[in-house]
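Just add 414 to the spot in the sequence shown (first one is 1) and you have our numbering.
We treat Cβ as the ideally placed atom computed from N, Cα and C, and that holds for glycine.
What follows is a single structure, written as structure tokens, with notes after it.
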Amino acid sequence: MKVLKFGGTSVGSPDRMKNLLDIIKPKNKQIVVLSAVSGTTNSLLEISQAYLAEDKQKASDLISALKAKYEIFIKELFSSDEGYENGKDLIDYHFNLLSSFANELFTAIEEKVILAQGELISTTLYHIYLTEIGVKSVLLPALDFMKIDEDNEPIIPFISEHLKVLLDQYPTDILFITQGYICRNSFGEIDNLRRGGSDYTASLIGAAIAAEEVQIWTDIDGMHNNDPRIVKGTKPIAVLSFDEAAELAYFGAKILHPQSVFPAQKYKVPVRLLNTMEPDAPGTLITNESERGKIKSIAAKDGITAIKIQSSRMLLAYGFLRRVFEVFERYKTPIDMITTSEVAVSVTIDETQHLDEILKELNSFGTVEVDHNQTIVCVVGDFGVEKHGFAARVLEAIKHIPLRMISYGGSSYNISLLVKNVDKVEVLRSLHNRLFE
Ligand code: ADP
Ligand code: ASP
Ligand code: MG
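And the structure:
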């Protein structure tokens, strides 16, 4: 069985939704994961923010504006009265729910319920559409099988078991549709897999059912060798290893959710990145294989904070780094990059929720300096230890730009650079010219 995930733009208009059948071709058994219609999750977030700010009027205006868009959407999607009526009932139900929060205490729990509505709407609309045109499909409620634990980690055995129970109820059906992004947390509440999480859903389902392949259908022909939103002339990469793809996704290549590679990698399910607008383009195939000795791609992650801890106590001492890392562990704050000298260590983080507490504790070790607004630029490829010259080419390309940190050798497929956010565009372009042109 294959898993096919379609992103927001791929379901972004009634025509796009109708055209999905050209790709899905329901001959073989498949699970189709849909995102919300593009722009919807952003609007839902704005609605939640208005509620959180107790601005009920703003929330109501935003709800009306979004509903108006869906009213046009269903008029174009359905051609029969019955289809349209079903679509209208669906829209009314979800928008009444959004409005009902005006009468309730609004917390992060209600916010997550609001954020879930986009995928619930898109999948049900599509299911009603397929029914209207006589294509049989089964809607699988993601909230019945997609589950995360208290650390927000998906529980694959739970997903696998519950999905199997659902699928077993439809032994003769071949087309299954489910919601990306949404899940239940350890309290049983509605939650989500973070922004862009539908890719993660697809990979988790792929792992849970040991799928033949996961296809991520989006608005570009695969993973490009640099950020196409910033650099001109980027090109799709034909093949990537899971490690390379994970690194790129984690360090900012928006085409893939940062964690989405791991389930597929662990359960050895190949992932293909494909373009809905150009279905015959080869796209990118992600598997365990890697192409030796090649620089593959560049990605960048913004919003990074660098922390330097300088202490003479580090000199010839053991256990110092452990104590530093324990501070981050206590505040559940992941570290991305690390560089050390004999008397200082620099680390980067992107979650600054507990920064003040972290800094307070670190101050007891020595002098602490903080740099905000940094960007990690990550060059990814297969740089085996026996190879030489990669780091030199990278540094040569950016010799005119101040470099705060550099990390090489942590793995054989990544060189990470920390630069000021204002220098990011220049770094990406210079690297591109030097490495790929
Ligand atoms: P979807 O809504 O289908 O999930 P996304 O917007 O999340 O789509 O991801 C696709 C977008 O990712 C592309 O339109 C592109 O602008 C952006 N992107 C960023 N970096 C890369 C990259 N290295 N390769 C391809 N696309 C990238
Ligand atoms: N709709 C969600 C978002 O916009 C999930 C996704 O599109 O992958 O973040
Ligand atoms: Mg996405």
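First and last residue of the uninterrupted beta strand (DSSP E) at Ile-700: Ile-700: member of the beta strand (DSSP E) spanning 698-701, first to last residue.
CA nearest to the CA of Ala-713, picked from Leu-480, Leu-476, Lys-439, Ile-790: Nearest C-alpha to Ala-713 among Leu-480, Leu-476, Lys-439, Ile-790: Ile-790.
C-alpha distance - Pro-642 paired with Leu-577, whole-angstrom precision: Approximately 36 Å, taken between the alpha carbons.
Would you report the Cα separation of Ile-812 and Leu-831, rounded to the nearest angstrom? Each residue's alpha carbon lies about 10 Å from the other.
Alpha-carbon to alpha-carbon, Val-782 and Leu-773: One C-alpha to the other measures close to 7 Å.
Can you list, in chain order, the residues of its chain whose CB lies under 6 Å from that of Lys-470, leaving out five sequence neighbours each side? So the qualifying residues of the chain are Ala-516.
In three-state DSSP terms, what is Gln-463? Gln-463: helix per DSSP, three-state reduction.
Express the C-alpha separation of Phe-850 and Asp-563 in angstroms, rounding to a whole number. Each residue's alpha carbon lies about 42 Å from the other.
Any contact between the region 680-689 and the region 719-732? By contact I mean 3 or more CB pairs, one from each, below 8 Å. No, the region 680-689 does not touch the region 719-732.
Note down the Cα distance separating Cys-792 from Asp-506, rounded to an integer number of angstroms. Going by the C-alpha atoms only, they are around 46 Å apart.
Could you please give me the residues that DSSP links to Arg-632 through a beta bridge? Per the sequence shown, residue 632 should be read as Thr rather than Arg. In the DSSP assignment, the residues bridged to Thr-632 are Asn-689.
Cβ neighbour criterion (16 or more within 10 Å) applied to Gly-666: It counts as buried.
To the nearest angstrom, how far is it from the Cα of Ile-634 to the Cα of Thr-615? Rounded to the nearest angstrom, the gap between the Cα atoms of Ile-634 and Thr-615 is 20 Å.
Indicate, with yes or no, if the ligand MG has a heavy atom lying under 7 Å from the CB of Gly-636. Gly-636: no, Cβ never under 7 Å from the ligand MG.
Among Glu-703, Pro-650, Phe-742, which residue has its Cα nearest to the Cα of Ala-697? The sequence as given places Gly at residue 697; Ala does not occur at that position. Checked all of Glu-703, Pro-650, Phe-742; the closest Cα to Gly-697 is Pro-650.
Is Gly-697 close to the ligand MG? I mean its beta-carbon at under 7 Å from any heavy atom of the ligand. No - the ligand MG has no heavy atom lying nearer than 7 Å to the Cβ of Gly-697.
Option nearest Ser-474 by Cα separation, candidates Lys-439, Lys-489, Leu-512, Ile-445: When Lys-439, Lys-489, Leu-512, Ile-445 are compared, the shortest CA-CA separation from Ser-474 is found for Leu-512.
Quick check on the burial criterion: 16 or more other C-beta atoms within 10 angstroms. Buried or exposed for Ser-493? So Ser-493 ends up on the exposed side.
On a Cα-Cα basis, can you pick out the residue from Tyr-465, Gln-463, Gly-426 that is closest to Ser-452? Considering only Tyr-465, Gln-463, Gly-426, the residue with the shortest C-alpha distance to Ser-452 is Gly-426.
Buried or exposed, going by whether 16 or more other CB atoms sit within 10 Å of the CB of Val-901? Nothing can be reported for residue 901: it is not among the residues displayed for the chain, which extend from 415 to 851.
Does the Cβ of Pro-672 lie closer than 7 Å to at least one heavy atom of the ligand ADP? No, Cβ of Pro-672 sits at least 7 Å from all heavy atoms of the ligand ADP.
Starting from the Cα of Ser-536, find the closest Cα among Ser-612, Lys-710, Val-628 and give me that residue. Ranking the options by Cα distance to Ser-536, first place goes to Ser-612.
Could you pull out every residue in the same chain whose Cβ sits closer than 8 Å to the Cβ of Tyr-827, ignoring the five residues on either side in sequence? Sequence-distant Cβ neighbours of Tyr-827 in its own chain, meaning closer than 8 Å and more than five residues away, are Ser-655, Asp-657, Glu-658, Glu-661, Ser-704, Val-794, Gly-795, Asp-796, Phe-797.
Tell me, which residues are paired with Tyr-595 by DSSP? Beta-bridge pairing links Tyr-595 to no other residue.
With 16 other Cβ atoms within 10 Å as the buried cut-off, status of Ile-869: The structure shown does not extend to residue 869, since the chain spans only 415 to 851, so no value can be given for it.
Simplified DSSP state of Ser-755, which is helix, strand or coil: Shown here, Ser-755 sits in coil according to DSSP, grouped into three states, outside any helix or strand.
DSSP three-state label for Glu-524, please. Glu-524: helix per DSSP, three-state reduction.
Are Pro-677 and Gly-620 closer than 8 Å when you measure CB to CB? With respect to the 8 Å criterion, Pro-677 and Gly-620 are classified as neighbours on the basis of their beta carbons.
Would you report the Cα separation of Lys-646 and Val-757, rounded to the nearest angstrom? CA-CA distance, Lys-646 to Val-757, rounds to 42 Å.
So the candidates are Gly-594, Ile-488, Phe-509; which of them puts its Cα closest to the Cα of Phe-559? Of the candidates Gly-594, Ile-488, Phe-509, the one whose C-alpha sits nearest the C-alpha of Phe-559 is Gly-594.
With respect to 7 Å, is the separation between the Cβ of Arg-686 and the closest non-hydrogen atom of the ligand ADP below this value? Arg-686: no, Cβ never under 7 Å from the ligand ADP.
Shell residues, 6 Å Cβ cut-off relative to heavy atoms of the ligand MG: Look at which beta carbons fall closer than 6 Å to any heavy atom of the ligand MG; those residues are Gly-421, Gly-610, Asp-613.
So, helix, strand or coil for Asn-777, using DSSP? Under the three-state reduction of DSSP, Asn-777 is assigned to coil, being neither helix nor strand.
Less than 7 Å between the CB of Thr-538 and some heavy atom of the ligand ASP, yes or no? For the ligand ASP, not one heavy atom lies less than 7 Å from the Cβ of Thr-538.
I need the boundaries of the beta strand (DSSP E) containing Val-552, first residue and last residue. Counted as a single uninterrupted DSSP element, the beta strand (DSSP E) harbouring Val-552 occupies residues 552-554.
Using 7 Å as the cut-off, classify the Cβ of Thr-545 as near or not near the heavy atoms of the ligand ADP, replying yes or no. Thr-545 Cβ: outside cutoff for every heavy atom of the ligand ADP.
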